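Participant: Could you have a look at this structure, given as structure tokens, before my questions?
2 protein chains.
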Amino acid sequence: MSSKNEVQDFKTKEPCTHKARGIDVAELKAQCLHCDLNAVCHPPSLDVKELESLDQWFPTRRRLQRGETLFNLGEPFNALYAVRSGFFKTLVPNDSQRDQVTGFLMTGEILGMDGIGGGRHACRAVALEVSEVCLMPYGNVDEIATSFPTLHAHLNRLMSQRIVQDQAAFQILANMRSESRLAAFIVDLGKRFSRLGYSPNTFVLRMTREEIGSYLGLSLETVSRLFSRFQEDGLVDVQTRHLQITNPEGLADIASGRPAH
Amino acid sequence: MSSKNEVQDFKTKEPCTHKARGIDVAELKAQCLHCDLNAVCHPPSLDVKELESLDQWFPTRRRLQRGETLFNLGEPFNALYAVRSGFFKTLVPNDSQRDQVTGFLMTGEILGMDGIGGGRHACRAVALEVSEVCLMPYGNVDEIATSFPTLHAHLNRLMSQRIVQDQAAFQILANMRSESRLAAFIVDLGKRFSRLGYSPNTFVLRMTREEIGSYLGLSLETVSRLFSRFQEDGLVDVQTRHLQITNPEGLADIASGRPAH
DNA sequence: CGGCCCGTTGATTCGTCTCAAAGAGTGTGG
DNA sequence: CCACACTCTTTGAGACGAATCAACGGGCCG
Chain A
2 MSSKNEVQDF KTKEPCTHKA RGIDVAELKA QCLHCDLNAV CHPPSLDVKE
52 LESLDQWFPT RRRLQRGETL FNLGEPFNAL YAVRSGFFKT LVPNDSQRDQ
102 VTGFLMTGEI LGMDGIGGGR HACRAVALEV SEVCLMPYGN VDEIATSFPT
152 LHAHLNRLMS QRIVQDQAAF QILANMRSES RLAAFIVDLG KRFSRLGYSP
202 NTFVLRMTRE EIGSYLGLSL ETVSRLFSRF QEDGLVDVQT RHLQITNPEG
252 LADIASGRPA H
Chain B
2 MSSKNEVQDF KTKEPCTHKA RGIDVAELKA QCLHCDLNAV CHPPSLDVKE
52 LESLDQWFPT RRRLQRGETL FNLGEPFNAL YAVRSGFFKT LVPNDSQRDQ
102 VTGFLMTGEI LGMDGIGGGR HACRAVALEV SEVCLMPYGN VDEIATSFPT
152 LHAHLNRLMS QRIVQDQAAF QILANMRSES RLAAFIVDLG KRFSRLGYSP
202 NTFVLRMTRE EIGSYLGLSL ETVSRLFSRF QEDGLVDVQT RHLQITNPEG
252 LADIASGRPA H
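From first to last, the protein sequence lines stand for chains A and B.
In the working numbering, each number is its position in the first sequence, counted from 1, plus 1.
In the working numbering, each number is its position in the second sequence, counted from 1, plus 1.
The structure is reproduced here in structure tokens:
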């Protein structure tokens with residue numbers, strides 16, 4: 002189904018968003034000990050010895066081409082995925098209608114938590130660029146919990162944070178107008194990039210206008226118009242996918258629902 | 002602040018939604034062993050002996066009057082709450098604007114999971130009628146996890162299900178029109194009532210039009226108009242708060258985004 | 001070069017919000 | 001017990017925002 006897309010290679014024209022991490026493709030065995038995603042996957046309290054023994058649990062990585070599917074809706078759930086590099090979207094295939102994009106995930110974020118409850122994935126995850134994920138077999142998570150209680154508590158914290166994030170997104174969708182939605186979306190992306198050590202104000206959009214629109218409940222035309230308007234108002238500088246926030250405060254104001262008109 | 006509201010007693014005029022559970026107010030010590038919420042709080046695999054020892058962990062209950070706040074936004078998080086009886090709303094106080102309702106919770110559902118991640122509650126929970134909750138001190142949850150791994154896995158499952166639910170709500174908000182939103186809301190309420198052993202097609206709305214509107218991202222007038230229209234179309238029978246679904250299939254069709262026009 | 005996907009912009013239509021007023025239900029105090 | 005106040009609900013008229021339909025330009029690939 003997506004075999005066509007997988008062939009497309011991603012042109013590396015981006016200015017700053019994703020530095021090469023120098024990962025050897027042959028090296029499939031993960032080493033949590035030296036992984037720079039440590040802070041995400043594990044609580045800070047784990048010491049070196051514990052991390053070393055953890056390496057028995059998280060052995061595999063997987064590399065995906067642009068457009069490739071990591072897991073599908075309805076697929077049996079048996080692992081969580083930590084995004085090591087790259088960019089993903091999650092979507093729910095809406096029969097007959099266009100697919101609904103339910104989220105975007107970048108380096109350092111966890112994919113697949115929706116599957117824990119029902120034993121099956123509740124959405125489809127697709128790579129938006131060449132990406133690499135770290136597999137955490139979930140059958141083991143229970144066992145891990147007993148050996149590393151703090152690790153399990155950490156997973157709980159991650160899931161709870163996710164719930165809070167969803168709530169926030171929910172709120173934006175429920176009572177913000179289109180301009181606030183898009184502004185909030187841009188600000189949020191910036192925050193997440195800055196957490197990775199990149200600039201919060203200059204980055205490359207990995208997704209199309211249509212995907213943004215689907216995610217925000219807007220038509221792709223509205224998204225395009227808003228980008229143009231933001232540019233006119235001196236809030237951002239957009240060159241198709243390349244985005245620079247030139248007036249972060251103004252954008253944040255709009256995001257919080259205080260329109261200037 | 003809510004001391005005024007607490008005095009109001011709730012008139013028990015409802016036809017079918019909440020049978021009296023005959024709970025003795027003096028009996029504050031919870032007994033998970035004989036609790037009819039067993040299936041919610043605990044995995045099915047726990048045997049009687051395990052349940053007995055669990056009673057050391059979940060000792061307290063709390064009774065709330067209508068309008069009373071269970072916990073507030075920003076309050077330190079230290080317990081999860083299982084709704085034993087009654088009805089709650091969660092909301093985020095939007096400074097200056099009207100509050101945003103983020104959810105409604107009924108008997109058998111878990112309140113407070115948003116607080117696990119940040120250590121503070123991310124919303125406010127208010128009782129919409131006389132309600133009773135079961136306190137689960139969260140400091141203990143970690144300890145419980147080690148003694149009862151299946152219990153902790155159960156909590157994970159609950160949180161994951163919550164994430165999936167939120168995603169679904171997100172989707173409805175993102176690309177459904179008002180009529181589909183309200184229809185989906187009604188159908189969802191019915192499902193949840195039926196899980197409690199009540200009719201999925203006849204129940205009492207515990208919340209105002211404004212609260213429904215806030216939750217669905219609609220104005221209260223739109224909600225009211227939609228109820229009227231659904232009634233005209235023979236889908237439901239509404240007497241202010243008393244609701245009966247007269248055409249479940251038709252309502253479900255609208256909920257899923259297949260409008261008849 | 002031609003085809004295709006993506007993005008932009010314009011004209012029009014339709015849905016929902018806002019403002020407004022009046023009716024219904026409930027609790028309060030004389 | 002009734003009048004009053006208050007909140008919640010219903011319904012209408014008008015304004016505004018976003019979707020839709022449509023056309024065109026640009027970049028990328030075969």
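No residue lacks a Cβ here, since even glycine has one placed at the ideal position from N, Cα and C.
Note that the structure is predicted; figures quoted are calculated from it, not measured.
Counting C-beta neighbours from all protein chains within 10 Å, is the total for Lys50(B) 16 or more, i.e. buried, or is it exposed?
Facilitator: Its Cβ having fewer than 16 others within 10 Å, Lys50(B) is exposed.
Participant: Quick one: what's Gln240(B) bridged to in DSSP?
Facilitator: Paired residue(s): His243(B).
Participant: How about Phe88(B) and Glu130(B): are their beta carbons less than 8 Å apart?
Facilitator: Contact flag set, yes.
Participant: Can you give me the C-alpha to C-alpha distance between Ile213(B) and Arg64(A), rounded to a whole angstrom?
Facilitator: In a straight line, the C-alpha of Ile213(B) is about 44 Å away from that of Arg64(A).
Participant: So which residues on chain A does His43(B) lean against when the C-beta distance must stay under 9 Å?
Facilitator: Simply none; closest approach about 16 Å.
Participant: How would you list, in chain order, the residues of chain B whose beta-carbon sits under 7 Å from the beta-carbon of Leu174(A)?
Facilitator: Those within 7 Å of Leu174(A) in chain B are Phe171, Leu174, Ala175, Gly218.
Participant: Spatial neighbours of Gly235(A) within its chain, please: CB distance less than 7 Å, with the 5 preceding and 5 following residues excluded, ordered by chain position.
Facilitator: Within the same chain, Gly235(A) has close Cβ partners Thr247, Asn248.
Participant: So is Gln98(A) buried or exposed if we call it buried at 16+ other beta carbons inside 10 Å?
Facilitator: With fewer than 16 other Cβ atoms within 10 Å, it is exposed.
Participant: How would you call Glu28(B), buried or exposed, if buried means at least 16 neighbouring beta carbons within 10 angstroms?
Facilitator: Model confidence at Glu28(B) stands at a pLDDT of 42, short of 50, so the residue's coordinates are unreliable and nothing is read from them.
Participant: Tell me the rounded alpha-carbon separation between Ala175(A) and Gly116(A).
Facilitator: Straight-line Cα distance between these residues: approximately 25 Å.
Participant: For Ser229(A), decide whether its Cβ has a neighbour in chain B, counting only Cβ atoms nearer than 8 Å.
Facilitator: By this cut-off, Ser229(A) is not an interface position.
Participant: What span of residues does the alpha helix (DSSP H) with Pro138(B) cover, start to end?
Facilitator: Unbroken run through Pro138(B) is the beta strand (DSSP E), 132 to 138; no alpha helix (DSSP H).
Participant: Report the three-state DSSP secondary structure of Tyr82(A) (helix, strand or coil).
Facilitator: Reduced to three states, the DSSP call for Tyr82(A) is strand.
Participant: Quick one, which of Glu69(A), Phe228(A), Asp48(A), Tyr82(A) has its alpha-carbon nearest Arg182(A)'s?
Facilitator: Here the closest residue by C-alpha is Phe228(A).
Participant: Output, in chain order, the set of chain A residues within a Cβ distance shorter than 7 Å of Met137(B).
Facilitator: None at all; the shortest Cβ gap to chain A is about 13 Å.
Participant: Assuming Arg63(B) is part of the beta strand (DSSP E), what are its boundary residues?
Facilitator: That run of the beta strand (DSSP E) goes 62 to 65.
Participant: What residue range is occupied by the uninterrupted beta strand (DSSP E) comprising Leu92(A)?
Facilitator: Taken as a continuous stretch (DSSP letters only), the beta strand (DSSP E) holding Leu92(A) covers 88 to 93.
Participant: For the beta strand (DSSP E) containing Thr223(B), name the first residue and the last one.
Facilitator: Here Thr223(B) belongs to no beta strand (DSSP E); instead the alpha helix (DSSP H) covers 221 to 233.
Participant: Can you give the beta carbon distance from Leu112(B) to Val102(B), rounded, assuming they're within the 8 Å contact cut?
Facilitator: Incorrect: roughly 14 Å between the Cβ atoms, too far for contact.
Participant: Provide the residue(s) that pair with Met107(A) in DSSP beta bridges, ordered along the chain.
Facilitator: Answer is Phe88(A), bridged to Met107(A).
Participant: For a test of the three-state rule: what should DSSP assign to Phe149(B), helix, strand or coil?
Facilitator: In the structure shown, Phe149(B) sits in coil (DSSP, three-state: anything other than H, G, I, E or B).
Participant: Which whole-angstrom value describes the C-beta separation of Ser161(A) and Gly118(B), a residue pair presumed to lie in contact below a C-beta threshold of 8 Å?
Facilitator: That pair is a contact at about 3 Å.
Participant: What residue from Tyr216(A), Ile187(A), Leu217(A) has the CA that sits closest to Thr203(A)'s CA?
Facilitator: Cα-wise, what sits closest to Thr203(A) is Ile187(A).
Participant: Counting C-beta neighbours from all protein chains within 10 Å, is the total for Met110(A) 16 or more, i.e. buried, or is it exposed?
Facilitator: One detail in the question is off: residue 110(A) reads as Glu in this sequence, not Met. Label assigned to Glu110(A): buried.
Participant: Starting from Ala126(B) and walking both ways along the beta strand (DSSP E), at which residues does that stretch end?
Facilitator: Element bounds for Ala126(B): 125 to 128.
Participant: What residues of chain B sit near Val165(A), judged by a beta carbon separation below 8 Å?
Facilitator: Going along chain B in sequence order, the residues near Val165(A) (Cβ under 8 Å) are Asp115, Gly118, Gly119, Ala123.
Participant: Given Met114(A), which residues of its chain have a CB within under 8 Å of its CB, disregarding the five upstream and five downstream residues?
Facilitator: Result list for Met114(A): Leu81, Leu159, Met160, Arg163, in chain order.
Participant: Going by beta-carbon coordinates alone, are Gln168(A) and Cys124(B) separated by less than 8 Å?
Facilitator: Their beta carbons are under 8 Å apart, which means Gln168(A) touches Cys124(B) by this criterion.
Participant: Let me know the alpha helix (DSSP H) ranges lying completely inside the region 174 to 229 of chain A, each 4 residues or longer, listed in chain order.
Facilitator: Segments of the alpha helix (DSSP H) lying fully in the region 174 to 229 of chain A: 179 to 196, 210 to 217.
Participant: Measuring only between beta-carbons, confirm whether Met160(A) sits less than 8 Å from chain B.
Facilitator: At least one chain B Cβ lies under 8 Å of Met160(A).
Participant: Measure the C-alpha to C-alpha separation of Glu53(B) and Phe171(A) and round it to an integer number of angstroms.
Facilitator: In a straight line, the C-alpha of Glu53(B) is about 40 Å away from that of Phe171(A).
Participant: Do Arg62(B) and Arg85(B) count as a contact pair if the criterion is CB distance below 8 Å?
Facilitator: Yes.
Participant: What's the call for Lys90(B), buried or exposed, on a 16-neighbour Cβ count within 10 Å?
Facilitator: With 16 or more Cβ atoms within 10 Å of its Cβ, Lys90(B) is classed as buried.
Participant: Indicate the three-state DSSP secondary structure (helix, strand or coil) for Leu112(B) in the structure shown.
Facilitator: In this structure, Leu112(B) counts as strand in the three-state DSSP scheme.
Participant: Identify the continuous beta strand (DSSP E) that holds Leu71(B) and give its terminal residues.
Facilitator: Residues 70 to 72.
Participant: Which residues does DSSP pair with Val102(B) in a beta bridge?
Facilitator: Answer is Leu92(B).
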